[in-house]
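Asker: First the structure, which I've put down as structure tokens, then a few questions once you've had a look.
Protein chains: 4
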Amino acid sequence: MSTITRMLQTHPVGGDTSEALRACIQACAECAATCTSCADACLAEDMVAELRRCIRTNLDCADVCAVTGAVLSRLTEPSAEVQRAVLQACAAACRACAQECEKHADMHEHCRVCADACRRCEQACEELLATL
Amino acid sequence: MSTITRMLQTHPVGGDTSEALRACIQACAECAATCTSCADACLAEDMVAELRRCIRTNLDCADVCAVTGAVLSRLTEPSAEVQRAVLQACAAACRACAQECEKHADMHEHCRVCADACRRCEQACEELLATL
Amino acid sequence: MSTITRMLQTHPVGGDTSEALRACIQACAECAATCTSCADACLAEDMVAELRRCIRTNLDCADVCAVTGAVLSRLTEPSAEVQRAVLQACAAACRACAQECEKHADMHEHCRVCADACRRCEQACEELLATL
Amino acid sequence: MSTITRMLQTHPVGGDTSEALRACIQACAECAATCTSCADACLAEDMVAELRRCIRTNLDCADVCAVTGAVLSRLTEPSAEVQRAVLQACAAACRACAQECEKHADMHEHCRVCADACRRCEQACEELLATL
Numbered sequence: 004m005s006t007i008t009r010m011l012q013t014h015p016v017g018g019d020t021s022e023a024l025r026a027c028i029q030a031c032a033e034c035a036a037t038c039t040s041c042a043d044a045c046l047a048e049d050m051v052a053e054l055r056r057c058i059r060t061n062l063d064c065a066d067v068c069a070v071t072g073a074v075l076s077r078l079t080e081p082s083a084e085v086q087r088a089v090l091q092a093c094a095a096a097c098r099a100c101a102q103e104c105e106k107h108a109d110m111h112e113h114c115r116v117c118a119d120a121c122r123r124c125e126q127a128c129e130e131l132l133a134t135l
Numbered sequence: 004m005s006t007i008t009r010m011l012q013t014h015p016v017g018g019d020t021s022e023a024l025r026a027c028i029q030a031c032a033e034c035a036a037t038c039t040s041c042a043d044a045c046l047a048e049d050m051v052a053e054l055r056r057c058i059r060t061n062l063d064c065a066d067v068c069a070v071t072g073a074v075l076s077r078l079t080e081p082s083a084e085v086q087r088a089v090l091q092a093c094a095a096a097c098r099a100c101a102q103e104c105e106k107h108a109d110m111h112e113h114c115r116v117c118a119d120a121c122r123r124c125e126q127a128c129e130e131l132l133a134t135l
Numbered sequence: 004m005s006t007i008t009r010m011l012q013t014h015p016v017g018g019d020t021s022e023a024l025r026a027c028i029q030a031c032a033e034c035a036a037t038c039t040s041c042a043d044a045c046l047a048e049d050m051v052a053e054l055r056r057c058i059r060t061n062l063d064c065a066d067v068c069a070v071t072g073a074v075l076s077r078l079t080e081p082s083a084e085v086q087r088a089v090l091q092a093c094a095a096a097c098r099a100c101a102q103e104c105e106k107h108a109d110m111h112e113h114c115r116v117c118a119d120a121c122r123r124c125e126q127a128c129e130e131l132l133a134t135l
Numbered sequence: 004m005s006t007i008t009r010m011l012q013t014h015p016v017g018g019d020t021s022e023a024l025r026a027c028i029q030a031c032a033e034c035a036a037t038c039t040s041c042a043d044a045c046l047a048e049d050m051v052a053e054l055r056r057c058i059r060t061n062l063d064c065a066d067v068c069a070v071t072g073a074v075l076s077r078l079t080e081p082s083a084e085v086q087r088a089v090l091q092a093c094a095a096a097c098r099a100c101a102q103e104c105e106k107h108a109d110m111h112e113h114c115r116v117c118a119d120a121c122r123r124c125e126q127a128c129e130e131l132l133a134t135l
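Laid out in structure tokens, this is it:
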């Protein structure tokens, strides 16, 4: 999604946007879309009754990642305290979802793809947190 | 919004839902709607250029409150770690938005109403956090 | 949620807000919260495999109602064309969700409460559409 | 975002997902992120008072695109009626936002990038609608 990079570059106060911020916004968008899809894929599985926790965790992670991406992409008058708290929530949601999806990764390829997206987003949040 | 109370009561695992949880879900819904409206009211003010930080903080707070309400209203297989991190993010977003709206509360009644909703939601998050 | 009424009243351009608009914003907020909760309640039921369509329809309806409430509560420079299209999408999502929840209303009280909220929101959308 | 393509391919009922659907999900994600960023960029501009309509339209378009992407990426038990209504709302929101951003495209590069994303998403919605 190079469009986001171009948007940040053309933003009036976006001149000094860090690579860690851009990477995190992109990881959040990807993880939100992946978790929305994984919740739905789990819902369609024959063994849906055993995937309740996975579906629930996917829904939480999709919601939290979408909001984190939105908060981070707002460059006007940011609050470092809010950014940090949101990033910590996002890392927690990604970790919980990755842990759950990893349990089903051998059986369901969508859970493997989703676990990878969650781990990438968790790491992107941690790396951005380290710079704030 | 007594509908939410009825939904939690009729949920298969909702029997022991705490009053703190119900109050927080309701406060999040109210704060999300209020902040969405306050961002738009600020945008319509003549002095919009001086309300940039208020609009931005309102948008963040609306997003974070909406997601917090959704995460909390999911009773199936919850993760206390995710709940805590999301509640801390919500309290931080509400505090930042309340502080900003309070600066304009004398001049803009919508900022006063919004600051009150943010403080109520911040407190509801803190009270629920104290029980987790 | 009388807070929303107060917000609309104190909005710079909110003076002539119609009762149909206020009622629709409130119905959207209530329906979004109810559908989020019903999706989760269905997920916790023993017969979750038979509630796939209900869960999916609940998730769609929750998403569409939340966005419709946000679009409607923005009074600054509205587009009647966008409002109408969003209201039609919301009425369609509410109708689909009500039809599905009504099938399970005898067995699951949360589906009965949710079907009622969806029908109220569908009607509120239709009534507002009739004024635009 | 090839991750979404992989998610749809590994979905239990995703085998016959059309290219038009995949393209539309991706266009919605890109447009949502772009409009969120453009609203914030406009807010930071000196001439923010002249960009009120652009900010408002951006916020609507971001919300509607995000929900449209979520509805479309759910493949389990879809409702063609809901899909069509949501796609029409998304096309309307994208058209309105593109029209507004195009007015400022010569002055603000972020509005030019955003108008392009809106036009691409509008077209992706129309193309998918033609197949439903």
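These protein sequences, in sequence, are chains A, B, C and D.
By our numbering, the letter at position 130 of the first sequence is numbered 133, and the numbering carries on one by one without gaps.
By our numbering, the letter at position 44 of the second sequence is numbered 47, and the numbering carries on one by one without gaps.
By our numbering, the letter at position 16 of the third sequence is numbered 19, and the numbering carries on one by one without gaps.
By our numbering, the letter at position 125 of the fourth sequence is numbered 128, and the numbering carries on one by one without gaps.
C-beta atoms are modelled at their ideal positions from N, C-alpha and C, and glycine is treated no differently.
For a contact meaning CB atoms closer than 8 angstroms, what does A:GLN91 contact in chain B?
Answerer: What A:GLN91 touches in chain B: ALA88, GLN91 and ALA92.
Asker: For C:ALA133, count neighbouring Cβ atoms within 10 angstroms of its own Cβ and tell me buried if that reaches 16, exposed if not.
Answerer: exposed
Asker: Leaving out the 5 sequence neighbours to the left and right, which residues in its chain are closer than 6 angstroms to A:VAL85 when beta-carbon positions are compared?
Answerer: Taken in chain order, the list of residues that qualify is empty.
Asker: Between C:ASP77 and chain A, is any beta-carbon pair separated by less than 9 angstroms?
Answerer: Looking at the sequence shown, residue 77 of chain C is not Asp but Arg. Not one chain A Cβ lies under 9 angstroms of C:ARG77.
Asker: Are the C-beta atoms of C:GLU139 and some chain D residue less than 9 angstroms apart?
Answerer: The first residue shown for chain C is 4 and the last is 135, placing residue 139 of chain C beyond what the model contains.
Asker: Would you kindly report the start and end of the unbroken alpha helix (DSSP H) that includes C:LEU75?
Answerer: Looking at the DSSP string, the run of the alpha helix (DSSP H) that includes C:LEU75 is 55-76.
Asker: Quick one: give me the first and last residue of the alpha helix (DSSP H) that A:SER5 is part of.
Answerer: Its alpha helix (DSSP H) spans residues 5-13.
Asker: What in chain B is Cβ-close to D:ARG115, meaning under 9 angstroms?
Answerer: In chain order: nothing, as chain B lies at least about 22 angstroms away.
Asker: With 16 other CB atoms within 10 Å as the buried threshold, where does C:GLY72 fall?
Answerer: Burial check for C:GLY72: the Cβ neighbour count within 10 Å reaches 16 or more, so the residue is buried.
Asker: Assuming B:THR79 and C:ASP43 are in contact, meaning their beta carbons sit under 8 angstroms apart, how far apart are those beta carbons, in whole angstroms?
Answerer: 5 angstroms
Asker: Is there a C-beta anywhere in chain B that falls below 9 angstroms from the one on C:GLU48?
Answerer: yes
Asker: To the nearest angstrom, how far is it from the Cα of A:ARG55 to the Cα of C:GLU112?
Answerer: 20 angstroms
Asker: Write down the C-beta distance between A:ALA99 and B:SER76 rounded to the nearest angstrom, noting that I regard them as a contact closer than 8 angstroms.
Answerer: A:ALA99 to B:SER76, Cβ: 17 angstroms. No contact.
Asker: Would DSSP call A:ASP43 helix, strand or coil?
Answerer: helix
Asker: According to DSSP, simplified to helix, strand and coil, what is C:THR20?
Answerer: coil
Asker: Note the first and the last residue of the continuous alpha helix (DSSP H) segment covering B:ASP109.
Answerer: Looking at the DSSP string, B:ASP109 is not in any alpha helix (DSSP H), and its letter there is neither H nor E.
Asker: What residues of chain D sit near A:ARG59, judged by a beta carbon separation below 9 angstroms?
Answerer: The contacting residues do not exist; A:ARG59 stays about 16 angstroms from chain D at best.
Asker: Helix or strand or just coil, what does DSSP make of A:THR134?
Answerer: coil
Asker: Please return the same chain residues whose Cβ sits closer than 8 angstroms to the Cβ of C:HIS14, not counting the five positions on each side in sequence.
Answerer: THR20 and LEU78
Asker: Could you list which residues in chain D have their beta carbon closer than 8 angstroms to that of B:VAL51, in chain order?
Answerer: VAL51, ALA52 and ARG55
Asker: If we count the other Cβ atoms within 10 Å of its Cβ and call it buried at 16 or more, is D:MET110 buried or exposed?
Answerer: exposed
Asker: Put A:THR79 into one of helix, strand or coil per three-state DSSP.
Answerer: coil
Asker: Can you find the residues in the same chain that come closer than 8 angstroms, C-beta to C-beta, to B:LEU135, ignoring five residues on each side of it along the sequence?
Answerer: Contacts found: ALA83, GLN86, ARG87 and LEU90.
Asker: What separation, rounded to the nearest whole angstrom, lies between the Cα atoms of A:ASP49 and D:CYS64?
Answerer: 36 angstroms
Asker: Given that a residue counts as buried once 16 or more other Cβ atoms are within 10 Å of its Cβ, and exposed if not, what is D:ALA52?
Answerer: exposed
Asker: Nearest CA to the CA of B:GLY17: which residue from C:VAL74, C:CYS45, C:ALA118 and C:ARG122?
Answerer: C:CYS45
Asker: By Cβ distance, which residues of its chain are closer than 8 angstroms to B:ARG25, with the 5 residues on each side in sequence left out?
Answerer: Only ILE7, THR8 and LEU11 meet the Cβ criterion.
Asker: Taking Cβ to Cβ, would you say A:CYS124 is nearer than 9 angstroms to A:CYS93?
Answerer: yes
Asker: Tell me whether the beta-carbon of D:CYS97 lies closer than 9 angstroms to the beta-carbon of D:VAL67.
Answerer: yes
Asker: Whole angstroms are fine: how far does the CA of C:THR60 sit from the CA of C:VAL74?
Answerer: 21 angstroms
Asker: Assign A:GLU33 to one of two classes, buried (16 or more other C-beta atoms within 10 Å of its C-beta) or exposed (fewer than that).
Answerer: buried
Asker: Applying a beta-carbon distance threshold of less than 8 angstroms, which residues of chain B neighbour A:LEU62?
Answerer: ALA73 and ARG77
Asker: Might you give, ordered along the chain, the residues of its own chain that have their beta carbon closer than 7 angstroms to the beta carbon of B:ILE28, omitting 5 neighbours on each side?
Answerer: ILE7, GLY72, LEU75 and SER76
Asker: I'd like to know whether the C-beta of B:ASP66 is nearer than 9 angstroms to at least one C-beta of chain A.
Answerer: yes
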